[in-house]
Amino acid sequence: MNVKFQNMVEQIGKVILGKREQIKLALTCLFAGGHLLIEDLPGIGKTTLAKVLSRCLGLNFRRIQCTSDMLPGDILGVSVFERKTSSFVFHPGPIFTQVLLADEINRATPKTQSALLEAMEERQVTVEGKTRPLDKPFFIIATQNPMEQFGTFSLPESQLDRFLMRINIGYPNRGAEHKLLKQGEVKSTLLSTEPCLTPGEVLMIQKQIAEVHTSDALLEYVQDLLDFTRNAPHFSAGLSPRAGLAFLRAAKSRAFLQGRDHVLPEDLQKVMFWVVGHRLRSHDDRAELSRDRLENLLMEVPIP
Amino acid sequence: MKATDKKHLLPILGAILLAVSPHLFRLPPWIVIWCLAFWAYVLAASKNNWYRPGRTILVILTIGGFIGGLATYGFKFNLDTGVGLLAVMLGLKPFEMKTHRDRMVTLFLVYFLVITNLLYSNNLVMSLFMFASVLLATAVLIRINHPSGSFAANLRLSGVIMVQALPMMIVLFFLFPRIQGTLFGMSNQSIAITGIGDRLSPGSISKLVLSDEIAFRAEFKNSIPGPDRLYWRGIVFQHFDGKTWSRGQTRPVRQAPVSAGSTVGYTLTLEPQGEKWLFALDMPITSPPMARMQNDHTLMAYRKLKARIRYNVISQTTYNTGDFKSEERTALILPAQGNPKSTALARSWADTFDNPAKIVNKALEFFSQNDFVYSLNPPLLKEDAIDDFLFKTRKGYCEHYASAFAFLMRKAKIPARIVGGYLGGELNPYGNYLIVRQSDAHAWVEVWLPARGWVRIDPTSAVAPERVEQGFEAALPPEELEGFFLLKHLGPLQSHLKKIIFRWDAANNYWNQWVLGYSYQRQRELLAQIGINIGSWKGPVKLILLVLGLISFFVFLISMRLFKTPVAKTDDVQRCYVKFCAKLTRVGLTRKPGQGPVDFAKTAIDLRRDLEVNIQEITDLYVLLRYARGGDENALKKFKERVKEFAPKPTI
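So the protein lines, in turn, are chains A and B. Under the working numbering, the residue at position 249 of the first sequence is numbered 249, and the numbers go up by one with no gaps. Numbering-wise, the working numbering comes out as the position in the second sequence, counting from 1, plus 304.
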């Protein structure tokens, strides 16, 4: 594994106890330049993970708590008339940052959610006719609570598609929880986390990841997987080309973090569920497929 | 009620309905209503959470339905009763479909139901229908066990399974021992169609004209004789009681006393009519093995025909039956009383002419010169039927003319008899055979003339010559044909439809010949050809071994395909890697098709520490060549060598 990366996982692992797999996935996602959706119950450590990630990457961090009365302006920013200069001055919203944590994103109205859309895809925002680029790098880490559906606006598939990965954290195991209970509040450990990278380094790694080699044989495997989701009867709709690109990007990122300069089929398989899980629906009841089922299905596709 | 119950109910009901649908026309109406009502209720109940009857009510319904079913069939236990009771049970079955096991049992019942259709009919349509039914039942079976994917995918898989079963079906078809006689020894009247009966009275032929059913098909070895010679002889009527003609006593003869003439050979496929007579062109000179030739030149089977038969006959179209025999004197007997006018007419001819041939011509002239009409709807004839017809109504179908003509001849002291059979037939260009339908039924007269023997005279041809040349449609007045469905009403579509009908008939003909016609006898012959004599004790053993051998061969072929790892690309690197995997498979380390090389190496090394170095090296080279940059010729060479050297030994 890449030494720097190993170091980061160690650092974050001190705060988020016993969740190395999730930490690696989150880093994979962010280094691939993708947005991350964390779906889990309240209190499991979603926000902490987001915070510690941004801290560790040495990036600016802002947080918005989504509510149903939140307006796009609350996120993007508004122009305010200033008497001194007798002109409108743009007051940038919380989105002008490097890591934005959108907590409980499914509580925001579709109008506000769609304001985030442009920012996520284009990495720029348009307010009052003026387009403003966002910082680089720019990540959105959104969280949502899958259990509580009252008064929420669940994200439509088109919006889910914009998140490179969706992960869940899950309860800590007994040992980790024991340690957590012993050390008490996580705040202090969070604050003591030293940045491992600078924004420049993050951009650098992203660039290197883009150059990870993908052989023709591997691309064919990706295509076989995509074809499978499109033709097999188990899914209501297959993966889009955008999903295909995201899939490959995530695999490249994983390969890089593993210290390789080429992608293996295993890379695809390891990130598979987290990249495609929220993009596929079962044909029967349009529900999402479980991890076991999805992985079993996709493992049927022979590696060319 | 669980969601799975609801989900599977509709497909299972669909499979039942399709399987039972041919029976619905045979079952008593109350059983049909019983089934459909219960199924509709089950379906609605599952949607709306209505009341579902408990065990007690079901038991009461079952017993009630059972008794009701038995009572409907008069407490006789035969095939119909069995199917009826099965339907009664099936009506209730969906009520107790609660567990997976119930659903499986119901589906197996559906398969059984599909087979019961075979007890009634085994024609081509039924066979295609049964294939469709099995296809659906299998798809539902797949669905209730693997409830994922679309139903179209289930159907596709079901189709694939059926195609895989095809070789085994063919093996069993040819080699599974055939039963002599009908299945379960059940006689089945319902498959016989109504043909020419053993009595001839006004109306007995014309009622057949309405039937489009096929009487038989005839394939000629050489060219087909002209329409004026296509008189298919079936039965000879000797006795006349003033109204009705009936068969006389006949006796079997060894060889038909027919003088030499041109012969014509053909093969007839006769549909079962439930009677004994076989049909053959005037005059048959050979007799098929299941029949004997009678002294009136008809072929009589040993027992009534309840199944389709195929036989070869040779006929002479020009013939001389030779001398008048004493037993043929019945051809002169008439009732003493009645029909005075006709009697007088015939007597006058007999007095005028001394030559019987001239009397025959005079009689034919009488028909052609007076205003006789060929008609399907003749007026009812009164007491003296012949007088009434000849002098008053003058409208009739072939049986009227034959009857009157034979009467006149007998009164004029010329031996005469009526022959019942078919005239003509339709040529099917696809298969080159004649289709003879019930509507081609015909009756004509034979008179005995000195030096010529029995001579065929068709009085109908004197009235309506078109009947012989072009069939009954051309001979009848147009207003009588209005009620018929005739192809010529369709205008330009006619020729296309005709083609389809002919093709369909040809398909049926092949089906009858090659599938249904594959009898015990034919199987014996086939087995004898491959050296299996079913009669000896060795024969059955050889047969069983052959069947088992062939079936396991097909199973082997199919399983080979199942276990074969699909190889999409076969470039050098991949081919070599596949070889490496095959070597590992031999020692029990199998790569799943979706397993990546590194993962596979890891699992393999975990199991076989001793092979670690080799596996790791080969895998690294493979990854380098296939997925990484910088794989060159040297690496490839090395990779090939390593794979070649790699020889894992199985663990003990």
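Virtual Cβ for every residue (Gly too), placed ideally from N, Cα, C.
Taking just the CA atoms, how far does residue j sit from residue i?
i: Leu36 (chain A); j: Lys397 (chain B); result: 53 Å
i: Met597 (chain B); j: Phe583 (chain B); result: 11 Å
i: Phe399 (chain B); j: Val392 (chain B); result: 13 Å
i: Asp615 (chain B); j: Leu572 (chain B); result: The sequence shown places Tyr at residue 615 (chain B), rather than the Asp named in the question. Tyr615 (chain B) and Leu572 (chain B): Cα-Cα distance of roughly 5 Å.
i: Arg513 (chain B); j: Ser646 (chain B); result: Checking the displayed sequence, the identity of residue 513 (chain B) turns out to be Val instead of Arg. Val513 (chain B) and Ser646 (chain B): Cα-Cα distance of roughly 28 Å.
i: Asp40 (chain A); j: Ala26 (chain A); result: 14 Å
i: Ala441 (chain B); j: Tyr345 (chain B); result: 22 Å
i: Met466 (chain B); j: Cys885 (chain B); result: 33 Å
i: Ile663 (chain B); j: Phe628 (chain B); result: 18 Å
i: Leu313 (chain B); j: Tyr535 (chain B); result: 58 Å
i: Arg537 (chain B); j: Pro844 (chain B); result: 43 Å
i: Trp841 (chain B); j: Gln825 (chain B); result: 18 Å
i: Arg460 (chain B); j: Val859 (chain B); result: 20 Å
i: Thr420 (chain B); j: Val438 (chain B); result: 13 Å
i: Ala469 (chain B); j: Ile446 (chain B); result: 16 Å
i: Val913 (chain B); j: Leu268 (chain A); result: Reading off the sequence, residue 913 (chain B) comes out as Arg, not Val. One C-alpha to the other measures close to 27 Å.
i: Phe370 (chain B); j: Val819 (chain B); result: 37 Å
i: Ser280 (chain B); j: Met472 (chain B); result: Missing from the structure shown is residue 280 (chain B); chain B here goes from 305 to 956 and no further.
i: Thr548 (chain B); j: Ala443 (chain B); result: 58 Å
i: Leu861 (chain B); j: Ile855 (chain B); result: 10 Å
i: Lys182 (chain A); j: Trp274 (chain A); result: 32 Å
i: Lys136 (chain A); j: Ala142 (chain A); result: 18 Å
i: Leu180 (chain A); j: Val271 (chain A); result: 28 Å
i: Phe695 (chain B); j: Leu649 (chain B); result: 11 Å
i: Thr85 (chain A); j: Gly34 (chain A); result: 40 Å
i: Gly43 (chain A); j: Leu417 (chain B); result: 60 Å
i: Glu118 (chain A); j: Arg162 (chain A); result: 10 Å
i: Glu631 (chain B); j: Lys686 (chain B); result: 32 Å
Can you tell me the Cβ-Cβ gap for residue i and residue j, rounded? I've got them flagged as a contact below 8 Å.
i: Ile169 (chain A); j: Leu49 (chain A); result: 7 Å
i: Ala720 (chain B); j: Pro763 (chain B); result: About 11 Å separates the two Cβ atoms, so there is no contact after all.
i: Lys717 (chain B); j: Ala661 (chain B); result: Between Ala661 (chain B) and Lys717 (chain B) the Cβ distance is about 14 Å, and since that is not below 8 Å, they are no contact.
i: Leu574 (chain B); j: Arg612 (chain B); result: 7 Å
i: Tyr701 (chain B); j: Pro682 (chain B); result: 7 Å
i: Asp691 (chain B); j: Asn643 (chain B); result: 5 Å
Run the proximity test for residue i: is its beta-carbon closer than 6 Å to any non-hydrogen atom belonging to the ligand FMN?
i: Ala667 (chain B); result: Although the ligand FMN was asked about, the structure shown includes no ligands whatsoever.
So, is residue i buried or exposed, given that buried needs 16 or more other C-beta atoms within 10 angstroms?
i: Val276 (chain A); result: buried
i: Arg890 (chain B); result: exposed
i: Lys121 (chain A); result: The amino acid occupying residue 121 (chain A) in the given sequence is Glu; Lys does not appear at that position. With fewer than 16 other Cβ atoms within 10 Å, it is exposed.
i: Glu10 (chain A); result: exposed
i: Thr229 (chain A); result: buried
i: His266 (chain A); result: In the sequence under discussion, the amino acid at residue 266 (chain A) is Glu, which differs from the His named in the question. By the neighbour-count rule (16 or more Cβ atoms within 10 Å), Glu266 (chain A) is buried.
i: Thr602 (chain B); result: buried
i: Ala640 (chain B); result: exposed
i: Val387 (chain B); result: buried
i: Asp744 (chain B); result: buried
i: Ala457 (chain B); result: buried
i: Asp292 (chain A); result: exposed
Margin query: By the 8 Å beta-carbon criterion, what residues does the stretch 906–936 of chain B contribute toward chain A?
Written below: The residues in question are Val927, Arg930, Tyr931, Ala932 and Arg933.
Next item on the list: Check distances from the C-beta atoms of the stretch 262–291 of chain A to those of chain B and list, in chain order, the residues that come in under 7 Å.
Entry: Listed by position, the residues of the stretch 262–291 of chain A near chain B (Cβ gap below 7 Å) are His262, Val263, Leu264, Pro265, Glu266, Gln269, His283 and Asp284.
Checklist line | Contact between the stretch 807–817 of chain B and the stretch 423–436 of chain B (3+ Cβ pairs under 8 Å) | finding: Contact holds: three or more Cβ-Cβ distances are below 8 Å.
Margin query: Across the stretch 66–78 of chain A and the stretch 102–114 of chain A, are there enough close Cβ pairs to call them in contact, namely three or more that are closer than 8 Å?
Written below: Contact between the stretch 66–78 of chain A and the stretch 102–114 of chain A is present: 3 or more CB-CB pairs across the two stretches fall below 8 Å.
Notebook entry, point to check: Counting Cβ pairs, one atom from each stretch, are 3 or more of them under 8 Å apart for the stretch 760–775 of chain B and the stretch 722–734 of chain B?
Noted result: Yes, since at least three Cβ pairs between the stretch 760–775 of chain B and the stretch 722–734 of chain B fall closer than 8 Å, the two stretches touch.
Item checked: chain B contacts from the stretch 205–231 of chain A (Cβ-Cβ distance under 7 Å) -> Answer in chain order: His213, Ser215, Ala217 and Leu218.
Notebook entry, point to check: Would you call the stretch 908–919 of chain B and the stretch 317–336 of chain B in contact, with 3 or more CB pairs under 8 Å?
Noted result: Verdict: no, contact absent.
Notebook entry, point to check: What residues from the stretch 15–28 of chain A come within 7 Å of chain B, judged by C-beta to C-beta, listed N to C?
Noted result: Residues: none.
Note to self: Beta carbons nearer than 8 Å to chain B: which residues of the stretch 232–257 of chain A have them?
What the structure shows: Per Cβ criterion, the list reads Ala232, Pro233 and His234.
Check: What residues from the stretch 888–905 of chain B come within 8 Å of chain A, judged by C-beta to C-beta, listed N to C?
Finding: Those would be Lys896, Pro897, Gly898, Gln899, Gly900, Pro901, Val902 and Asp903, in chain order.
Margin query: I'd like to know if the stretch 517–535 of chain B and the stretch 732–742 of chain B are in contact, where contact means that at least 3 CB-CB pairs between them fall below 8 Å.
Written below: Three or more pairs of CB atoms, one per stretch, sit closer than 8 Å, so the stretch 517–535 of chain B contacts the stretch 732–742 of chain B.
Next item on the list: Specify whether the stretch 539–558 of chain B and the stretch 631–638 of chain B touch according to this definition: at least 3 beta carbon pairs, one from each stretch, less than 8 Å apart.
Entry: Yes, the stretch 539–558 of chain B touches the stretch 631–638 of chain B.
Margin query: Quick check: the stretch 52–59 of chain A against the stretch 86–101 of chain A, are at least 3 beta-carbon pairs closer than 8 Å?
Written below: With the cut-off at 8 Å, the stretch 86–101 of chain A and the stretch 52–59 of chain A touch.
Checklist line | Cβ contact check for the stretch 248–267 of chain A and the stretch 215–227 of chain A: 3 or more pairs under 8 Å | finding: By the Cβ rule, the stretch 248–267 of chain A counts as touching the stretch 215–227 of chain A, because three or more pairs are nearer than 8 Å.
Next item on the list: Name, going along the chain, the residues of the stretch 124–141 of chain A whose beta-carbon falls closer than 8 Å to a beta-carbon of chain B.
Entry: Answer in chain order: no residues at all.
Margin query: Using a Cβ distance threshold of 8 Å, determine whether the stretch 3–21 of chain A contacts the stretch 195–203 of chain A, with at least three qualifying pairs required.
Written below: The stretch 3–21 of chain A is in contact with the stretch 195–203 of chain A.
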